[in-house]
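Engineer:
Shown next as C-alpha cells:
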C-alpha cells in the first residue's frame, strides 16, 4: 500500500522568494511520484513526475522536485515565486498500476 | 481542443434525486477514472475502467454506478443522493500503466 503526507496545508511566500512544498511518501514497492497543481475552480494539471532514472526532475512553470529514497521524500521547489503560482498543490504516489494515492494538498499563497 | 471534458460543470439537486455526470476524453487513452474531492480538498479515487472493463472499484456506496459505453466515455450515475455526496467529482484518463493521468475540469455537485 502507498500513502503520502504533505507537511503544511498552507504555505505563504513573498513574490520572488523560494517555494518549498514538502511531500513524504510510504510505499512497499519502488514508488512513482507526481506533483499536480490545481488552480481555483479547475481540474488538476500534472507539474512533474518521477518514475525511474534521474532523481531530480524538472517540470512546467520552473518547478522541480528531487526524489530522495533515503528520506522517502519528494519535495517540490521553485527558486522564485510568482503571483501566478498561487494554487493548491498535490503530491501523489503509485506503486505501479493505475491507482494514484494523493496527499491532502498544500495551498500556496504568494504575497507582494 | 478540450482533452477531458465533463458535463455538467455544476449540479444542484435535492436529496433523494438521481443524477448523472458525463465524461469524455479525446486523447485516445484506454483508461478512465472517477475521483471525488471533498470540501477539504481531499482527492480519492472511486472507479477506473480500462477498455470498458472495471479495474478499480474502491469502497464506494452502491448508489454510485459507473458506466463506460466505450473507451472514450465514462459516466457516473448516482441514485438516491445524500447530503454527503456533495463534492467535486473529477474525471481523468490515461494510457494503461502510463501513470500520467489527465484530469477534467470537475463537476461540482451540491445536494440540498
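Protein chains in written order, with my numbering: chain A, 948 to 1059; chain B, 3 to 114.
Note that beta-carbon positions come from the ideal geometry of N, C-alpha and C, so glycine has one too.
Bear in mind that the values here come from a model prediction, so they are computed numbers and not experimental data.
(1) Distance check for residue 75 of chain B and residue 1 of chain B, CA to CA, integer angstroms please.
(2) Leaving out the 5 sequence neighbours to the left and right, which residues in its chain are closer than 6 Å to residue 90 of chain B when beta-carbon positions are compared?
(3) Roughly how far, in whole angstroms, is the beta-carbon of residue 960 of chain A from the beta-carbon of residue 1050 of chain A, given that I think they are within contact range, below 8 Å?
(4) Would you report the Cα separation of residue 1065 of chain A and residue 1017 of chain A, rounded to the nearest angstrom?
(5) Which residues in chain B sit within 7 Å of residue 1008 of chain A, going by Cβ to Cβ distance?
(6) Does DSSP classify residue 1008 of chain A as helix, strand or coil?
(7) For the beta strand (DSSP E) that contains residue 113 of chain B, what are its first and last residues?
(8) Using the three-state DSSP reduction, which class does residue 95 of chain B fall into: helix, strand or coil?
(9) With a Cβ-Cβ cutoff of 8 Å, do residue 1000 of chain A and residue 1025 of chain A count as a contact?
(10) Specify the secondary structure class of residue 1059 of chain A as computed by DSSP and reduced to three states.
(11) Between residue 43 of chain B and chain A, is any beta-carbon pair separated by less than 8 Å?
(12) To be precise: take each residue of the region 23-50 of chain B, compare its Cβ to all Cβ atoms of chain A, and keep it if any distance is under 8 Å. Which residues remain?
(13) Select from A:1054, A:979, A:1034 the residue whose C-alpha is nearest the C-alpha of residue 1015 of chain A.
(14) Counting contacts by CB-CB distance shorter than 8 Å, is residue 77 of chain B in contact with chain A?
(15) Going by DSSP, what residue range makes up the beta strand (DSSP E) through residue 68 of chain B?
(16) Mind checking whether residue 1039 of chain A and residue 1048 of chain A have CB atoms under 8 Å apart?
(17) So, at 6 Å on beta carbons, what are the nonlocal neighbours of residue 916 of chain A in its own chain, with the 5 sequence-adjacent residues on each side left out?
(18) So what does residue 1030 of chain A bridge to, in DSSP terms?
(19) So residue 34 of chain B and residue 70 of chain B are in contact, right, with Cβ under 8 Å, and what is the actual spacing, rounded?
(20) Do you know offhand how far residue 1141 of chain A's Cα is from residue 92 of chain B's?
(21) Output, in chain order, the set of chain B residues within a Cβ distance shorter than 9 Å of residue 1037 of chain A.
Structural biologist: Judging by the given coordinates:
(1) The requested residue 1 of chain B is not part of the displayed model; chain B covers only 3 to 114.
(2) Stepping through the second chain from its first residue, residue 90 of chain B is reached at position 88. So the list reads 39, 108, 110, once near-sequence residues are dropped.
(3) Start at 1 with the first residue of the first chain, and residue 960 of chain A comes out as number 13. Start at 1 with the first residue of the first chain, and residue 1050 of chain A comes out as number 103. Going by Cβ atoms, the distance from residue 960 of chain A to residue 1050 of chain A rounds to 19 Å, so no, they are not a contact pair.
(4) Residue 1065 of chain A is absent from the model: chain A starts at 948 and stops at 1059.
(5) Along the first chain, read from residue 1 onward, the residue named residue 1008 of chain A stands at position 61. Residues of chain B passing the Cβ test: none, with the nearest at roughly 17 Å.
(6) Along the first chain, read from residue 1 onward, the residue named residue 1008 of chain A stands at position 61. Residue state, collapsed to three classes: helix.
(7) Start at 1 with the first residue of the second chain, and residue 113 of chain B comes out as number 111. That run of the beta strand (DSSP E) goes 109-113.
(8) Position 93 of the second chain holds residue 95 of chain B. Residue state, collapsed to three classes: strand.
(9) As a first step, residue 1000 of chain A is located in the first chain; it is residue number 53 there, counting from the start. As a first step, residue 1025 of chain A is located in the first chain; it is residue number 78 there, counting from the start. Not a contact, by the Cβ cut-off of 8 Å.
(10) The count along the first chain starts at 1 and reaches residue 1059 of chain A at position 112. Residue 1059 of chain A: coil per DSSP, three-state reduction.
(11) Within the second chain, numbered from 1, the residue matching residue 43 of chain B stands at position 41. Yes, because at least one Cβ of chain A sits closer than 8 Å to the Cβ of residue 43 of chain B.
(12) 33, 35, 42, 43, 44, 45, 46, 47, 50
(13) If you number the first chain from 1, residue 1015 of chain A lands on position 68. Of the listed residues, the one whose Cα sits closest to residue 1015 of chain A is A:979.
(14) Translated into positions along the second chain, residue 77 of chain B becomes position 75. Chain A contact via Cβ: absent.
(15) Counting from one through the second chain, the residue named residue 68 of chain B turns up at place 66. Unbroken beta strand (DSSP E) run through residue 68 of chain B: 66-72.
(16) Taking the first residue of the first chain as position 1, residue 1039 of chain A is located at position 92. Taking the first residue of the first chain as position 1, residue 1048 of chain A is located at position 101. In this structure, residue 1048 of chain A lies closer than 8 Å to residue 1039 of chain A by Cβ.
(17) This structure does not reach residue 916 of chain A, given that chain A is present from 948 up to 1059, and the question cannot be answered.
(18) By one-based count along the first chain, residue 1030 of chain A stands at place 83. DSSP, once it has assigned bridges, lists no residue as partnering residue 1030 of chain A.
(19) To locate residue 34 of chain B, count along the second chain from 1; it is residue 32. To locate residue 70 of chain B, count along the second chain from 1; it is residue 68. That belief holds up - the Cβ atoms of residue 34 of chain B and residue 70 of chain B are roughly 7 Å apart, short of 8 Å.
(20) Residue coverage of chain A in this structure runs from 948 to 1059, which leaves residue 1141 of chain A outside it and unanswerable.
(21) The residue labelled residue 1037 of chain A in the question sits at position 90 within the first chain. Those are 43, 45, listed as they occur along chain B.
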